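Remarks on the structure that follows.
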Amino acid sequence: MTVSNAPGTLAPGTYFMMGNFACVEAALIAGCRFYAGYPITPSSEIFERACTRFPQLGGYAVEMEDELGSMAALVGASYAGSKVMTATSGPGFSLMMENIGLAFILETPSVIVNVQRGGPSTGIPTLVGQGDMMQSRWGSHGDLETIAYCPSSVQEFFGLTIQAFNTAERFRTPVFVMADQVVGMMSERLRVPPLEEVEIVERQVADPDRSAALHALPFDYSKDFLPMQITGTGCRVNIESLTHDLKGYPSTDYSISKKMLDHLLGKIRNHTSEIWKWEETFLDDAEVAVVAYGSTARSALSAVKKARSMGIKAGLLRLITVWPFPYEVIENVSRKVNALVVPEVNYGQVVHPVRESAKCPVSSVNCAPGTLVDPRSIVDALELAT
Amino acid sequence: MATTGVPVGGPAIKVQRHAKDEILRIERLPHIWCPGCGIGIVLEAYTRALAKSGIPQDKHAVVSGIGCTGRFSGYLDLDSYHTTHGRPIAFATGIAVVKPDLEVTVIAGDGDLSTIGGNHLIHAARRNVDLNVIMVNNFNYGMTGGQHGATTPTGARTRTSPYGNVEAPFNVPYLVAAAGASFVARWTALHVTQVYKAIRRMMEVEGFTFLEVISPCPPTFGQLNGYPDALDEMKYFREKSVVDHNADLREIAISMHPDDSLVVGNFVDRRRPSYQELLSELKVKAAGGAGK
């Protein structure tokens, strides 16, 4: 089916589509109607398509002056009641860190897509990298708990974009889709299911309440998931980037600092099993396993098949959720195999929490950004590990 | 009668209920601003303008950045947002685009809006986003102890310009007018009525409106630059302010030199389509199948 620019969400059917375009169509199906961005390779197709598509569905795609502004506008627009997104790559992701922290402390549903390229700094804009994985965990200052999904195909980029909106709305927090240049720019078959098969999570919205002394407490930490006070609906709540008490008023009190952070981190930590997604291939009888994510998982699958043809009992654990880190999944697999191999297009990032959780030896296969991991280097590592 | 809500030793102090109690979060008072600071004067003018605007209180939103003026939003019983340093205009743009029916006001200091947030300021003016932006200018970073910023006059002493500021300051009304703002004004903390009237006008004008309010900052900028008492600077405003609505904006840079005048006025009041109006037209165009 060819892609038309007709208003409305993409019709169910089978398409041959670029990953970056599939991401935009998924966002629209998820109900996103506000996009703020700044052009950056290799994510620009997302922004360009958003500028064509969002207004057709009554939404907005605004070009901000930089990524600091894009992320700040997302938080404002989300408070105004819209589902919101942006897309970027390494250098822009760095600039967004400030207001990703803001989105986190203000409990703002927002989706940030990072089509990773080569780094550090300007790096290689046009080629693949996976060097922002740790930044998506620890990039913004202070204690954050982040959520990140890593698609390995166009179909999954589509599905995880919808998932990211659902998770963001449910948990009231920023969610990352950590794609990469390969997944973003390649074209593959995409099946768009009938809309009734797609689960869409809508935001819990607060009603104005004048019953309390001044207002109802906006931050009731007895619950993990709180309704959101939407601008202009009469809630009149102070939304505060400083450490704040249950009324949203700033405080330097230790017990308030602890209560707020326990809530912000706890709402994610208490529900990790809801967020963790992974895929196991050939793991039943595996003696050695590859742990991979994103486009690298494609190299890994090829390597595992090759190793199997050579008589090595290899398996693949593909991480779909990387943050919060699925340590229990790693631990379980590591008890069944003799060794884990972690290939990444970086000098070793996700291998660290793998090593922290694994009960068996862990080795890493790395390549500099600019190319996919060569399956042969993974096969070599599997041979060494057996 | 109502109490201030402030715990004090001995019997609670009873005060007459103030007309602004409906708009302020009185339980948060007293505010943090120093004696002699002009921010409270702007707060009073804003609440008065809001009450007279004819726009329901629930349809006003206020967004602040970080710093002394950044605390402004927290004292208002509105949808109020205390955001990140320099980003309140970008944050407010998100609100104002999604909810064009709201009256969104950004209030922050000179450091927040014209230094770290300078890029957002000029681009929002260029887009003519329907926002009211009030910049309280005290020529330095007050909350961090008095360092120089983009509005500090050349030669002025601050904690980071102990030998005198070598940099040239922004003339912010000129900058914002050049960028395309629909309304541009400058008054001082002495011009209470003019500040109120300017804010009222800003709430009427569709498009990007900007007001600079010059304020004393006695403990830092004032102390180091010959205005150690708030009244010293207020006296300077009274003696040296020149009202000129038609001033050549190129000529209105501020030196704060006791002999130099300070030009104030409502400099720009013009009509061009706001960003929200244009986005709304764009949606109609897009729904009709135009676009690539």
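Residue numbers (my numbering), protein chains in the order written: chain E, 38 to 423; chain S, 370 to 661.
Beta carbons are placed, not taken as given, at the ideal position from N, Cα and C, and that holds for glycine.
Treat the numbers as computed from the prediction; the structure is a model and nothing was measured.
Test item: CB-CB of residue i and residue j under 7 Å
i	j	result
residue 598 (chain S)	residue 268 (chain E)	no
residue 101 (chain E)	residue 110 (chain E)	yes
residue 409 (chain S)	residue 481 (chain S)	no
residue 139 (chain E)	residue 112 (chain E)	yes
residue 527 (chain S)	residue 506 (chain S)	no
residue 633 (chain S)	residue 556 (chain S)	yes
residue 264 (chain E)	residue 242 (chain E)	yes
residue 372 (chain E)	residue 342 (chain E)	no
residue 126 (chain E)	residue 80 (chain E)	yes
residue 154 (chain E)	residue 360 (chain E)	no
residue 21 (chain E)	residue 59 (chain E)	Any question about residue 21 (chain E) goes unanswered here, given that chain E covers just 38 to 423.
residue 578 (chain S)	residue 551 (chain S)	yes
residue 524 (chain S)	residue 485 (chain S)	no
residue 98 (chain E)	residue 75 (chain E)	no
residue 538 (chain S)	residue 522 (chain S)	yes
residue 499 (chain S)	residue 576 (chain S)	yes
residue 92 (chain E)	residue 465 (chain S)	no
residue 415 (chain E)	residue 380 (chain E)	yes
residue 387 (chain E)	residue 170 (chain E)	yes
residue 216 (chain E)	residue 152 (chain E)	yes
Terminal residues of the beta strand (DSSP E) in which residue i lies
i	result
residue 513 (chain S)	Residue 513 (chain S) -> no beta strand (DSSP E), and no H or E assigned at all.
residue 329 (chain E)	325-329
residue 400 (chain E)	399-403
residue 579 (chain S)	578-583
residue 610 (chain S)	610-612
residue 58 (chain E)	Unbroken run through residue 58 (chain E) is the alpha helix (DSSP H), 56-67; no beta strand (DSSP E).
residue 451 (chain S)	448-451
residue 433 (chain S)	429-433
Residues sharing a beta bridge with residue i, DSSP
i	result
residue 497 (chain S)	Residue 497 (chain S) pairs with nothing; no bridge assigned.
residue 635 (chain S)	S:554
residue 355 (chain E)	E:316, E:329
residue 527 (chain S)	S:530
residue 478 (chain S)	S:505
residue 50 (chain E)	E:229
residue 287 (chain E)	E:281
residue 445 (chain S)	S:393
residue 211 (chain E)	E:147
residue 387 (chain E)	DSSP output for residue 387 (chain E) lists no bridge partner at all.
residue 473 (chain S)	S:430
N- and C-terminal bounds of the alpha helix (DSSP H) containing residue i
i	result
residue 541 (chain S)	541-548
residue 409 (chain S)	408-421
residue 649 (chain S)	644-656
residue 321 (chain E)	Neither: residue 321 (chain E) is in no alpha helix (DSSP H) and is coded neither H nor E.
residue 412 (chain E)	412-422
residue 566 (chain S)	561-573
residue 460 (chain S)	457-467
Contact test: residue i Cβ vs the ligand FMN heavy atom, cutoff 6 Å
i	result
residue 566 (chain S)	Inclusion of the ligand FMN in the displayed structure is not the case, the ligand content being empty and no account of it being possible.
Residue i at chain B interface by Cβ criterion, 7 Å
i	result
residue 579 (chain S)	The structure shown has no chain B; the protein chains it does contain are E and S.
Length at least 3, wholly inside the segment 112-188 of chain E: the beta strand (DSSP E) runs in chain order | 120-125, 147-155, 161-165, 184-186
With 9 Å as the C-beta to C-beta threshold (strictly closer), list the residues of the segment 133-150 of chain E near chain S in chain order.
-> 135, 136, 138, 139, 143
Kindly provide the ranges of any alpha helix (DSSP H) runs that are 4 or more residues long and lie completely inside the segment 69-105 of chain E, ordered along the chain.
-> 81-93
Can you list the alpha helix (DSSP H) stretches of 4 or more residues lying completely in the segment 359-383 of chain E, in chain order?
-> 364-373
Whole runs of the beta strand (DSSP E) within the segment 214-281 of chain E, excluding any shorter than 3 residues | 224-229, 275-277
Residues from the segment 490-523 of chain S in contact with chain E, defined by Cβ distance under 7 Å = 492
Using Cβ-Cβ distances below 7 Å, what residues of the segment 403-434 of chain S are close to chain E?
-> 427, 428, 430
Taking any Cβ of chain E, which residues in the segment 439-455 of chain S have a Cβ under 8 Å from it, in chain order?
-> 442, 443, 446, 447, 448, 449, 450, 451, 452, 453, 455
The segment 111-135 of chain E: which residues have C-beta closer than 8 Å to a C-beta of chain S, in chain order?
-> 111, 112, 113, 114, 115, 116, 117, 118, 119, 121, 135
If contact means a Cβ-Cβ distance below 8 Å, which residues of the segment 635-658 of chain S contact chain E?
-> Within the segment 635-658 of chain S, the residues whose Cβ lies closer than 8 Å to some Cβ of chain E are 648, 651, 652, 654, 655, 656, 658, listed in chain order.
Can you list, in chain order, the residues of the segment 75-87 of chain E whose Cβ is nearer than 7 Å to any Cβ on chain S?
-> none
Listed in chain order, which residues of the segment 273-287 of chain E have Cβ atoms closer than 8 Å to some Cβ of chain S?
-> Of all residues in the segment 273-287 of chain E, 273, 274, 275, 276, 277, 278, 279, 286, 287 have a Cβ within less than 8 Å of some Cβ in chain S.
Under 9 Å (Cβ pairs) to chain S, residues found in the segment 87-99 of chain E | 88, 89, 90, 91, 92, 93, 94, 95, 96, 97, 99
Positions along the segment 47-70 of chain E whose CB lies within less than 9 Å of some CB in chain S | 70
Contact set between the segment 468-482 of chain S and chain E, restricted to residues whose Cβ is under 9 Å from the partner = Against chain E - using a Cβ distance shorter than 9 Å - the residues of the segment 468-482 of chain S are 468, 470, 471, 473.
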